[in-house]
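Q:
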Amino acid sequence: MKEVAKHPKNEEVGLKEVWYGPRVLIEGADAETLTEGETVTFINWGNLIITKINKAPDSKVASIEARLDLDNKDYKKTTKITWLAETSSAPLLPVICVNYQHLITKAVITKDDDFKEYINKNSKLEEKMLGDPCLKSLKKGDIIQLQRRGFYICDQPYEPISPNSCKESPCVLFYIPDGHTKEMPTAGSKDKSKSQASSNTPAKVTKAPSSSVSAPSPTPASASATDLFSSVVAQGEAVRNLKAAKASKEEVDKAVQQLLSLKAQFKQQTGVDYKPGMAPPTSAPATPAASAPVAPAPEATACPYTRVSQQGELVRKLKAEKAPKDKIDAAVKQLLALKEEYKQATGQDYKPGAGPAPSPTQKTAAPTQNSTSPSPAAATGLYGKVAEQGELVRKLKTEKAPKDQVDAAVKQLLALKAEYKQQTGQEYKPGLQAPAGPAQTGTQSSTPLQAQELYAQVAQQGELVRKLKTEKASKEQVDEAVKTLLDLKGKYKSLTGEDYKPVAAAGAAGGEDKNRKERENKSEKQGGGGKKGKGDKGGQGKESSGGGAGGGEGQGPKKQTRLGLEAKKEENLADWYSQVITKAEMIEYYDVSGCYVLRPWAYSIWEAIKDFFDREIKKLGVENCYFPMFVSQAALEKEKSHIADFAPEVAWVTRSGKTELAEPIAVRPTSETVMYPAYAKWVQSHRDLPIKLNQWCNVVRWEFKHPQPFLRTREFLWQEGHTAFATKEEAAEEVLQILDLYARVYEELMAIPVVKGRKTEKEKFAGGDYTTTVEAFISASHRAIQGATSHHLGQNFSKMFEIAFEDPKKPGEKQLAFQNSWGITTRTIGVLTMVHGDNMGLVLPPRVACLQVVIIPCGITASLPEQDKEALLAQCSKYLSRLLDAGVRVKSDTRDNYSPGWKFNHWELKGVPIRLEVGPKDMQQKQCVAVRRDTGAKVTIPEAEVEKRLLGMLEDIQNNLFKKASDDLKSHMVAVDTMEAFQKELDQGKIVQIPFCGGIECEDWIKKTTAKDQDLEPGAPSMGAKSLCIPFSPIKTLQPGQMCVSGKEPAQFYTLFGRSY
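Sequential numbering from 33 applies to the sequence shown in my numbering.
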């Protein structure tokens, strides 16, 4: 016995006793991984050499003999084994390890699922084990780490034999989940662990050299050789999986060592080296000339395909039943071995539903032995059946049919496809008519001209499909176009023998010319790299997907920087938006969900809005102030209807340090209840009015919806104005003055058109009389978004908070004040991004852009003389000074570690309105080149006219962005009079003005009726339409006696409805 550290990396934990002896116990699964002659490290002992492995009749390891090799201190590449000595001096402890599994076996329960089907009725797993004697000292609640298993907490300490029951009580340990998705390596190589994982195998350790074991002859050991063959195949697969999953070097090395050991054992059993692709040693190989069939071995009488299918079913059944991992691993290993055997026998990979493949001998047999080819009519008929079944599957999925119906239909479809392939020798492809027979394939040679014509047709049809999807065409149109596209692609492949690829030239001969084109194409998309001359400016990378940081042509492949966007706005708006705001350096994600870091590039937009709005409201007599962010519960709940709207989103502070607060304090969701108690103190006479205060601050609304940066966040910045007047007329006038300012923020600053109007009774601000709003439209998502609101609160809050004054017309009487509140938030930045952004990134209107112009020197190469380089940089500095003096926000990018192409991509992604390119030839000709971000147009500008021309161009960009967005809004906003027409326009992604009675129940009915039968995230296009506003300037005028679209009540006004964020 000797004492060693309890934890090898933390000696402070203390020491434990380790007992040694000639007989030790190891894990059964560890024993299965060991091979004779292998050096193994027994932890806290040293190296041992395995001399003999004794197996029971069921081929399981019964015992192992080994000899000590303690002088060998090389532990780097050895298998590490945990062990316990079997000695009377320190009896082993009975232990029960308890592992609690998930109560619900499915990660996400959908609306079609019955949760009862996914209840895990065997969620408690118990393993009886033998433990280290030092576990005797554990107390209830102690947390320990078992080597190679994980952390456990002691639920019941070990108790010796009781005089009452004459039994000892085992130590009960509960497993503590720690978030690992990979299983702990509890038993040797986890990829090879077998069903004996929880059993113990005695290992006999001797100090004398072991006797050599003679290798058995291959013939009597065929069964063992087959097992070894399967083990090698399975272990090889495990090694490949580990490498593919980028596992740690230690894991890979260990798996490779096991593989080499198995191969050595295989050679020892069979006398031949294992080679990938060789036939498994199940029986003596038949000679090629033998014409009589060879009787298969008893275990191989079943069709190999059937055996794989049956084993696959077994694996699925075990997983569905949540069987122990060792059972599943053993079944999976057997499945892999059968698949390898199937491949050896047929020359093909096993594919579910593909039908049994003929063996290689059948494929190469003499023509007289071939079966007759199927008739073209039979193949065509079968093709039709596959197509019909495919349609049925699609229909069932569309109609949300029960899972068992869909599964049955899919199974039938796979069977038909397998039958089709067996008859025709080809995979079924939608849109490609069935061939006359297998002999027809590859008999015709295609001409380059035909290939080019077909390539052009495929490209044209692909453009049509993309256009239809972008325009949100009907499903029938899109499906028909896609079907035609697949048909053309199939014809192209049958003609050329290659899949259609958008980048490659049709029918190109390949070789150097093709590679050159690919390099040029890639260079353009990456924005170039390395040292470039002036002539490189053309390769800006309009469809950039990554910035090149490598050298020029001939210097090897360029490094992929992933600078550009990898998602298309029209194809995946969510991914596109996420990439734009992060890659354009607008936000940084934060470790509190729903909260984000606003980086300078985004905050500068907010500052531009703030500067404009602050300047304008001061002209109206509004003053800035600041009130605390904390609200007492009593104040917050004073206006019941007001707080009811915010209650689910209020964040509460309940503790200071470790002390519970006597009363919880809310973090402001809005500041009416914070500010109005002070207003009540300040207002005594009509002379104290009006009060016009505004604060720029943050608010917190703890939304539970899916957060989206800028659009829906738990904390956001805003301004909130709170005013009080003596008369209703004054308050009503200010409501519209502020609304006009909000419209100017959107239209004049951000170049986004808005619809001004009043909110319906259902959508108005809680506790107010009425709400006015500006609504914007995002065509990429076909959804509207509320831009800003101005509320008339009437006397509701002044009554609650007693904001009253003495009426000069009626001395002695108290009159309640009339109040307004109004606000705009950082949501504006998200709206701007979505409205103007494109597939190259952000597009900033000049009036809110942090930088309006970026100057980029071009043509600085190694061959450029130093004096010319200095002159070029000096010229850039002159332009910088002149533009700054002209009031332009400008920067010169003179970084020498990035190429011009990289810089082009970088500033395009960040949305700078104008890029000014200056090169040596431009200096000679006394000019520069300006590139517009909105259109990509290049304009050559004489040096003397730079300020004037760029100022004009900035104004033109601002106007062009507004015109483009206005045209977009006009084309997507229509007026209709019936529910049927409303639904049709809505489904085409438009916002619609309809005659509406104004009732809350009617609005709920409209929302429910227009909702699609889908269950996507709130605010997605599947949601029903909600009222956006009652426009101040409707498209159509309401006719006398006109009814609401519901047909129940007379219409009161045309109201704008649409799907909204």
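Just so you know, even glycine gets a beta-carbon here, dropped at the ideal spot from N, CA and C.
(1) In its own chain, which residues sit with a C-beta less than 8 Å from the C-beta of residue 504, not counting the 5 before and 5 after it?
(2) Could you name each continuous beta strand (DSSP E) segment of 3 residues or more that falls completely within the segment 125-189, going from the start of the chain to the end?
(3) How far does the beta strand (DSSP E) with residue 79 in it extend, from its first residue to its last?
(4) Tell me the DSSP bridge mates of residue 1090?
(5) Could you give the distance in angstroms between the alpha-carbon of residue 919 and the alpha-carbon of residue 524?
(6) CA-CA distance, residue 1003 and residue 1017?
(7) Of the choices 84, 109, 337 and 728, whose alpha-carbon is the least far from that of residue 98?
(8) Please determine if the segment 696-705 and the segment 727-737 are in contact, where contact requires at least 3 C-beta pairs separated by less than 8 Å.
(9) For residue 832, which residues does DSSP report across the bridge?
(10) For the segment 946-1031, list the beta strand (DSSP E) runs that are entirely contained and at least 3 residues long, ordered along the chain.
(11) Is residue 445 closer than 8 Å to residue 425 when the C-beta atoms are compared?
(12) By Cβ distance below 6 Å, which residues in the same chain neighbour residue 45 in space, the five residues on each side in sequence not counted?
(13) Leaving out five residues before and five after residue 1061 in sequence, what residues of the same chain have Cβ atoms less than 7 Å from its Cβ?
(14) Would the beta-carbon of residue 135 fall within 8 Å of that of residue 165?
(15) How long is the line joining the alpha carbons of residue 846 and residue 684, rounded to whole angstroms?
(16) Need the endpoints of the alpha helix (DSSP H) that residue 364 sits in, please.
(17) Give a yes or no on whether the C-beta atoms belonging to residue 885 and residue 915 are separated by under 8 Å.
(18) Suppose the cutoff is 8 Å on Cβ atoms and the five residues either side in sequence are ignored; what does the same chain contact list for residue 960 look like?
(19) For residue 621, does the count of other Cβ atoms within 10 angstroms reach 16, so buried, or fall short, so exposed?
(20) What runs of the beta strand (DSSP E), each 3 residues or longer, lie entirely inside the segment 719-757?
(21) Report the residue from 723, 877, 716 and 297 whose alpha carbon sits nearest the alpha carbon of residue 839.
(22) Leaving aside the five residues before and after residue 853 along the sequence, list all residues of the same chain whose C-beta is less than 7 Å from its C-beta, in chain order.
(23) Measuring CB atoms only, is the segment 598-605 touching the segment 862-871, in the sense that at least three cross pairs come out at less than 8 Å?
(24) Closer than 7 Å by C-beta to residue 818: which residues in its own chain qualify, once you throw out the five before and the five after it? Chain order, please.
(25) Please report the distance separating the alpha-carbon of residue 624 from that of residue 697.
(26) Please classify residue 371 as buried or exposed, where buried requires at least 16 neighbouring CB atoms within 10 angstroms.
(27) Counting only the same chain and skipping the five closest in sequence on each side, list residues whose C-beta sits under 6 Å from that of residue 52.
(28) According to the neighbour-count rule (16 or more other Cβ atoms, all chains shown, within 10 Å of its Cβ), is residue 691 buried or exposed?
(29) Tell me, please, which residues DSSP counts as bridged to residue 1082.
(30) By the DSSP assignment, the alpha helix (DSSP H) with residue 647 in it spans what residues?
(31) Once the 5 residues before and after residue 631 are set aside, which same chain residues still bring their CB inside 7 Å of it?
(32) Hey, could you find the ends of the alpha helix (DSSP H) residue 911 is sitting in?
(33) Using the Cα positions of residue 184 and residue 59, report the straight-line distance between them to the nearest angstrom.
(34) Less than 8 Å between the CB atoms is what I'm expecting for residue 1029 and residue 1084, so what's the real figure, rounded?
(35) Under a Cβ-count criterion, where at least 16 other Cβ atoms within 10 Å of its own Cβ denotes burial, should residue 1082 be classed as buried or exposed?
(36) Just the Cα atoms here: how many angstroms apart are residue 1041 and residue 1034?
A: Let me lay it out:
(1) Within the same chain, residue 504 has close Cβ partners 814, 1020 and 1021.
(2) As summarised for the segment 125-189, the continuous beta strand (DSSP E) elements at least 3 residues long and confined to that stretch are 125-132, 156-163, 175-178 and 182-188, given in chain order.
(3) From DSSP, the beta strand (DSSP E) with residue 79 extends over 78-87.
(4) Residue 1090 pairs with 1058.
(5) Rounded to the nearest angstrom, the two C-alpha atoms are 58 Å apart.
(6) Spanning the two alpha carbons is a distance of roughly 11 Å.
(7) When 84, 109, 337 and 728 are compared, the shortest CA-CA separation from residue 98 is found for 84.
(8) Touching, yes, given that three or more Cβ pairs across the two stretches are closer than 8 Å.
(9) Paired residue(s): none; residue 832 is not in a bridge.
(10) The DSSP assignment places 946-950, 959-964, 970-974, 1005-1007 and 1023-1028 as complete runs of the beta strand (DSSP E) inside the segment 946-1031, in order along the chain (cut-off: 3 residues).
(11) The answer is yes: Cβ separation under 8 Å.
(12) Excluding sequence neighbours, residue 45 sits near 38 and 39.
(13) For residue 1061, where only same-chain residues beyond five positions count, the Cβ hits under 7 Å are 787, 789, 790, 791, 805, 807 and 1088.
(14) Judged by their CB atoms, residue 135 and residue 165 are not nearer to each other than the 8 Å cut-off.
(15) Computed Cα separation, rounded: 36 Å.
(16) Run containing residue 364: 357-378, per the alpha helix (DSSP H) assignment.
(17) The answer is yes: Cβ separation under 8 Å.
(18) 911, 948, 949, 950, 954, 972, 973, 975 and 978.
(19) Exposed: under 16 other Cβ atoms inside 10 Å.
(20) The segment 719-757 contains these whole beta strand (DSSP E) runs: 723-732 and 747-757.
(21) Nearest C-alpha to residue 839: 716.
(22) Closer than 7 Å at Cβ, skipping near neighbours: 704, 752, 753, 754, 823 and 825.
(23) In the pairwise beta carbon analysis, the segment 598-605 is classified as touching the segment 862-871: at least three pairs are separated by under 8 Å.
(24) The answer, listed in chain order, is 805 and 807.
(25) The alpha-carbon atoms of residue 624 and residue 697 are separated by roughly 20 Å.
(26) By the 16-neighbour rule on beta-carbons within 10 angstroms, residue 371 is buried.
(27) Once the five neighbours on either side are set aside, the close Cβ partners of residue 52 are 117.
(28) Only exposed fits residue 691, as fewer than 16 other CB atoms lie within 10 angstroms of its CB.
(29) In the DSSP assignment, the residues bridged to residue 1082 are 1075.
(30) For residue 647, the enclosing alpha helix (DSSP H) begins and ends at 632-651.
(31) Taken in chain order, the residues that qualify are 617, 618, 619 and 620.
(32) Per DSSP, residue 911 belongs to the alpha helix (DSSP H) from 898-917.
(33) Each residue's CA atom was taken as its position, placing residue 184 and residue 59 some 19 Å apart.
(34) Between residue 1084 and residue 1029 the Cβ distance is about 6 Å, and since that is below 8 Å, they are a contact.
(35) Under this definition residue 1082 is an exposed residue.
(36) Residue 1041 and residue 1034 have their C-alpha atoms spaced approximately 10 Å apart.
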